[in-house]
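A.B. asks:
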Amino acid sequence: MRPLAWPLWLALTALVLSLGLFAWVTDAPAYAGTKPETCNNCHVMDAAYENWFHAPHARWATCSDCHIPHENFLAYWFYKGKSGMRDVYSFVTASYPPLIRANEETKRIVQENCIRCHLDTVEGILTTAMPLDRPCWDCHRHVAHGARGLTMYPYQDSEVYGK
9 MRPLAWPLWL ALTALVLSLG LFAWVTDAPA YAGTKPETCN NCHVMDAAYE
59 NWFHAPHARW ATCSDCHIPH ENFLAYWFYK GKSGMRDVYS FVTASYPPLI
109 RANEETKRIV QENCIRCHLD TVEGILTTAM PLDRPCWDCH RHVAHGARGL
159 TMYPYQDSEV YGK
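Position one of the sequence shown corresponds to residue 9 (our numbering), numbered consecutively onward.
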């Protein structure tokens with residue numbers, strides 16, 4: 009091997025080992041999954057996670073069931089990556105707002121997923137005099153994340169959640 013190739017091989021080996029160590033320490037593969045506990049790794053999500061944990065949807069739906077588009081494979085993984093990178097950036101730079109609220113794109117995705125899972129119910133509503141220009145959560149505010157209580161400060165009882 010030529011003498012100039014050694015530094016290149018050493019640098020590539022160091023890069024691979026560093027990335028591998030980073031993936032192992034951060035449990036990076038977990039972020040490709042759908043466990044709500046992974047979404048709750050950032051303390052800013054504690055209140056949302058706690059409210060979801062005690063709400064009716066906890067038995068049936070995970071974060072990605074509601075917050076990621078399910079139109080097709082590419083849309084799902086593209087948005088999951090984009091959203092995840094935005095969340096990592098916001099957390100690392102501490103640029104997230106004190107109260108996290110859904111943006112317009114997220115509201116659209118959540119509404120589409122409500123309809124996707126509850127299509128039979130929605131079809132029944134379409135035959136009534138109910139106005140159809142409102143999102144599901146206007147009437148079903150506490151279904152997905154439960155009652156918010158008196159505060160939105162992050163709080164999580166580690167005895168309840170087994171962390």
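For every residue, glycine included, the Cβ atom is placed at its ideal position computed from N, Cα and C. It should be emphasised that the depicted structure is a prediction, and the values quoted were computed from it without experimental measurement.
Does the beta-carbon distance from residue 118 to residue 75 come in below 8 angstroms?
C.D. replies: Residue numbering aside, residue 118 sits at position 110 when the sequence shown is read from its first letter. Residue numbering aside, residue 75 sits at position 67 when the sequence shown is read from its first letter. At a Cβ-Cβ threshold of 8 angstroms, residue 118 and residue 75 count as neighbours.
A.B. asks: Is the beta carbon of residue 60 less than 8 angstroms from the beta carbon of residue 126?
C.D. replies: Residue 60 sits at position 52 when you count from the first residue of the sequence shown. Residue 126 sits at position 118 when you count from the first residue of the sequence shown. No, the Cβ-Cβ distance between residue 60 and residue 126 is not below 8 angstroms.
A.B. asks: For my contact list, residue 52 and residue 104 are in at a C-beta cut-off of 8 angstroms; report their separation, rounded to the angstrom.
C.D. replies: Sequence index remark: in the sequence shown, residue 52 carries index 44 (1-based). Sequence index remark: in the sequence shown, residue 104 carries index 96 (1-based). Residue 52 to residue 104, Cβ: 6 angstroms. Contact.
A.B. asks: Tell me whether residue 47 is buried or exposed, calling it buried when 16 or more other Cβ atoms sit within 10 Å of its Cβ.
C.D. replies: Sequence index remark: in the sequence shown, residue 47 carries index 39 (1-based). Residue environment: residue 47 is assigned as buried (16 or more neighbouring CB atoms within 10 Å of its CB, all protein chains considered).
A.B. asks: In chain order, what residues of the same chain have a beta carbon less than 7 angstroms from the beta carbon of residue 18, not counting five sequence neighbours either side?
C.D. replies: Taking the first residue of the sequence shown as 1, we reach residue 18 at position 10. Contacts found: none.
A.B. asks: Using a Cβ-Cβ cut-off of 6 angstroms (strictly less than) and excluding sequence neighbours within five positions of residue 71, which residues of its own chain qualify?
C.D. replies: Residue mapping note: residue 71 aligns to position 63 of the sequence shown, counting from 1. These residues qualify, in order along the chain: 44 and 47.
A.B. asks: Mapping the DSSP letters down to three states, classify residue 132 as helix, strand or coil.
C.D. replies: Taking the first residue of the sequence shown as 1, we reach residue 132 at position 124. The answer is helix: DSSP assigns residue 132 an H, G or I state.
A.B. asks: Look up residue 73 in the DSSP assignment and say whether it is helix, strand or coil.
C.D. replies: Residue 73 sits at position 65 when you count from the first residue of the sequence shown. Note: residue 73 maps to helix in three-state DSSP.
A.B. asks: Could you check the C-alpha separation between residue 66 and residue 28 for me, to the nearest Å?
C.D. replies: Taking the first residue of the sequence shown as 1, we reach residue 66 at position 58. Taking the first residue of the sequence shown as 1, we reach residue 28 at position 20. Each residue's alpha carbon lies about 33 angstroms from the other.
A.B. asks: Rounded to a whole number of angstroms, what is the C-alpha to C-alpha distance between residue 240 and residue 11?
C.D. replies: Because the chain is modelled from 9 through 171, residue 240 falls outside the range shown and cannot be assessed.
A.B. asks: So what's residue 148 in DSSP terms, helix, strand or just coil?
C.D. replies: Counting from 1 along the sequence shown, the entry for residue 148 is found at position 140. Reduced to three states, the DSSP call for residue 148 is coil.
A.B. asks: Which stretch, first to last residue, makes up the alpha helix (DSSP H) that contains residue 118?
C.D. replies: Position 110 of the sequence shown, counted from the first residue, corresponds to residue 118. 112-125 is the extent of the alpha helix (DSSP H) around residue 118.
A.B. asks: Mind reading off the beta-carbon distance from residue 144 to residue 95? Whole number of angstroms is fine, and I expect it under 8 angstroms.
C.D. replies: Along the sequence shown, read from residue 1 onward, the residue named residue 144 stands at position 136. Along the sequence shown, read from residue 1 onward, the residue named residue 95 stands at position 87. Not a contact, Cβ separation roughly 24 angstroms.
A.B. asks: Could you check if residue 83 is buried or exposed, using at least 16 other CB atoms within 10 Å of its CB as the buried criterion?
C.D. replies: Start at 1 with the first residue of the sequence shown, and residue 83 comes out as number 75. When all chains shown are included, residue 83 counts as exposed.
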